[in-house]
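Worksheet for the structure shown next.
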Amino acid sequence: MNILEVEGLSKQRGGFQLNDISFQIPAGYICGYVGQNGAGKTTTIKLIMEQLKHEMGTIRVNGITFEEDEIKYKDQIGYIADECYLPGEYTAAKLAAILAGFYPSFQKKVFYDYLTKWNLPKDQKIKEFSKGMKVRIMFACALSRDTKILIMDEATSGLDPVIRTEILEELQEYIEDGERSVLLSTHIMSDLDQVADFIFFLNQGNKVFFDTKDEILDKYVVIKGGLEDLTEDLEKKLIGAKKTQIGFEGLLETEQLEYIRKDFLVEKPSIEQIIVFYIQGVRKR
44 MNILEVEGLS
54 KQRGGFQLND
64 ISFQIPAGYI
74 CGYVGQNGAG
84 KTTTIKLIME
94 QLKHEMGTIR
104 VNGITFEEDE
114 IKYKDQIGYI
124 ADECYLPGEY
134 TAAKLAAILA
144 GFYPSFQKKV
154 FYDYLTKWNL
164 PKDQKIKEFS
174 KGMKVRIMFA
184 CALSRDTKIL
194 IMDEATSGLD
204 PVIRTEILEE
214 LQEYIEDGER
224 SVLLSTHIMS
234 DLDQVADFIF
244 FLNQGNKVFF
254 DTKDEILDKY
264 VVIKGGLEDL
274 TEDLEKKLIG
284 AKKTQIGFEG
294 LLETEQLEYI
304 RKDFLVEKPS
314 IEQIIVFYIQ
324 GVRKR
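To convert a position in the sequence shown, counted from 1, into our numbering, add 43.
So, in structure tokens, the structure goes:
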């Protein structure tokens with residue numbers, strides 16, 4: 044079963060156009076949602092969260108649309124952002140009282156268990172929390188409800204490596220029951236290497252690719268050679284290329300290997316290399 048289904052999603056915002064975005068996240072999986080600043084990641088998330096209204100397309104969370112059941116739709120989404128959106132003057136205790144009246148599935152005991160687990164004070168104002176503590180309190184809010192999907196909007200940005208690793212471990216625990224999923228919007232490619240099962244790459248409002256991480260890694264290779272080896276025909280085959288004084292390296296679809304010389308150095312790319320080469324290739328067109 045798909046926890047999140049996005050079909051034909053489009054939105055015009057000023058001079059920006061999000062074009063016909065479609066993807067699905069099955070239960071029990073994490074999908075990385077990546078692209079440069081301004082690519083449309085936050086617009087997509089705001090559309091899923093119903094903070095913006097889409098002009099075309101359909102969004103389903105655990106099989107239902109916002110129009111079919113507004114309360115259930117919202118109750119199934121947990122949202123964790125880069126900047127803490129919780130009222131700074133609130134304490135965790137006051138926040139728990141508010142959430143209990145707002146979300147039908149909110150469980151105070153579970154919330155307080157998370158406070159204990161992460162050593163979060165219940166009577167200190169949230170504005171006095173550190174960056175890591177603020178991410179934790181947002182997690183506690185989301186995990187104390189019967190959410191089916193966590194939406195992470197650059198939430199690991201700016202965290203020290205230890206806390207970031209712990210957060211990623213929490214995401215993996217979250218999906219362990221096979222009934223929940225995660226949409227992870229991030230520019231930290233090592234996060235994707237560590238936890239993502241699927242990757243959606245968005246560029247200038249358009250889908251570049253959406254597939255399993257393993258399929259994407261298998262689909263491309265990085266080739267390296269001398270500048271004299273970079274012929275016009277080869278450069279046309281490359282998705283993106285980087286030249287130095289002594290040579291070049293570029294991204295090539297694996298199926299194209301049979302059409303080039305056999306003496307090039309061929310390496311497996313990282314997700315970050317694939318994304319960077321794609322962006323460089325688009326800029327040069």
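Using N, Cα and C, we set each Cβ at its ideal position, and we do this for glycine too.
* To do: Could you check which residue in I91, L52 and L260 has the C-alpha nearest to that of I46?
  => For this step, residue 46 is matched to residue 3 along the sequence shown. The residue with the shortest Cα to Cα distance from I46 is I91.
* Asked: Going by C-alpha distance, which of V49, N80, G75 and Y302 is nearest S65?
  -> By one-based count along the sequence shown, residue 65 stands at place 22. When only C-alpha atoms are compared, the closest one is V49.
* Cα-Cα separation, R328 to V251 -> Looking up residue 328 in the sequence shown gives position 285. Looking up residue 251 in the sequence shown gives position 208. Because R328 sits at a pLDDT of 48, beneath the cut-off of 50, its placement in the model cannot be relied upon, and the following sentence gives the value as read from the coordinates. For R328 and V251, the distance between alpha carbons rounds to 15 angstroms.
* Cβ-Cβ distance between N246 and I322 below 8 angstroms -> Along the sequence shown, one-based indexing puts residue 246 at 203. Along the sequence shown, one-based indexing puts residue 322 at 279. It is a contact, given that the beta carbons lie within the stated cut-off.
* Work out the CA separation of V178 and Q167 for me, nearest whole Å. => The residue labelled residue 167 in the question sits at position 124 within the sequence shown. The residue labelled residue 178 in the question sits at position 135 within the sequence shown. Looking at the two C-alpha atoms, the distance is approximately 15 angstroms.
* Asked: Does DSSP put E298 in a helix, a strand or coil?
  -> Position 255 of the sequence shown holds residue 298. DSSP places E298 in helix when its eight states are reduced to three.
* Using three-state DSSP, classify C74 as helix, strand or coil. => The sequence position of residue 74 within the sequence shown is 31, counting from 1. Of the three classes helix, strand and coil, the one that applies to C74 here is strand, per DSSP.
* For R103, I'd like the list of residues in its chain whose CB is within less than 7 angstroms of its CB, leaving aside the five on either flank, ordered along the chain. => The sequence position of residue 103 within the sequence shown is 60, counting from 1. For R103, where only same-chain residues beyond five positions count, the Cβ hits under 7 angstroms are E48.
* **Among Q215, S173, G269 and F307, the one whose alpha carbon lies nearest that of L193** => Looking up residue 193 in the sequence shown gives position 150. Closest by alpha carbon: Q215.
* Asked: In terms of residue numbering, what span does the beta strand (DSSP E) encompassing K170 cover?
  -> Along the sequence shown, one-based indexing puts residue 170 at 127. Note, K170: premise wrong, no beta strand (DSSP E); not H, not E.
* To do: Could you say if the region 119-139 and the region 182-202 meet the contact criterion of at least three C-beta pairs nearer than 8 angstroms?
  => yes
* Please classify N105: is it buried, with 16 or more other beta-carbons within 10 angstroms of its beta-carbon, or exposed? => Numbered from 1 along the sequence shown, position 62 holds the residue referred to as residue 105. So N105 ends up on the buried side.
* Kindly indicate which three-state DSSP category Q237 falls into: helix, strand or coil? => Position 194 of the sequence shown, counted from the first residue, corresponds to residue 237. The answer is helix: DSSP assigns Q237 an H, G or I state.
* **Nearest residue (CA-CA) to K54, options K286, F253, V77 and N249** => For the purposes of this step, residue 54 is taken as residue 11 along the sequence shown, with counting starting at 1. Ranking K286, F253, V77 and N249 by Cα distance to K54 puts N249 first.
* Asked: For Q60, which residues of its own chain have a beta-carbon under 8 angstroms away from its beta-carbon, when the five flanking residues on both sides are left out?
  -> Taking the sequence shown and counting its residues from 1, one reaches residue 60 at position 17. Counting only Cβ-Cβ distances below 8 angstroms, and skipping sequence neighbours, we find S53, K54 and G248.
* **Continuous beta strand (DSSP E) stretch holding I210: start and end** => The count along the sequence shown starts at 1 and reaches residue 210 at position 167. Here I210 belongs to no beta strand (DSSP E); instead the alpha helix (DSSP H) covers P204 to Y217.
* Where the beta strand (DSSP E) containing T229 begins and where it ends -> The residue given as residue 229 occupies position 186 in the sequence shown. Counting along the chain, T229 falls outside any beta strand (DSSP E), and DSSP gives it neither H nor E.
* Distance, Cα to Cα, G221 vs P69? -> Walking along the sequence shown from the start, residue 221 turns up at place 178. Walking along the sequence shown from the start, residue 69 turns up at place 26. When rounded, the distance between both Cα atoms is 9 angstroms.
* Rounded C-alpha distance that separates D276 from L260 -> Residue numbering aside, residue 276 sits at position 233 when the sequence shown is read from its first letter. Residue numbering aside, residue 260 sits at position 217 when the sequence shown is read from its first letter. Using only the alpha carbons, I get a separation of about 24 angstroms.
* Going by beta carbon distance, what residues of the same chain come within less than 6 angstroms of G75, once the five residues before and after it are set aside? -> One-based indexing of the sequence shown puts residue 75 at position 32. L227, L235, A239 and I242.
* **Closer than 8 angstroms to chain C by CB, D156** => Protein chain content of the structure displayed is limited to a single chain, and chain C is not contained in it.
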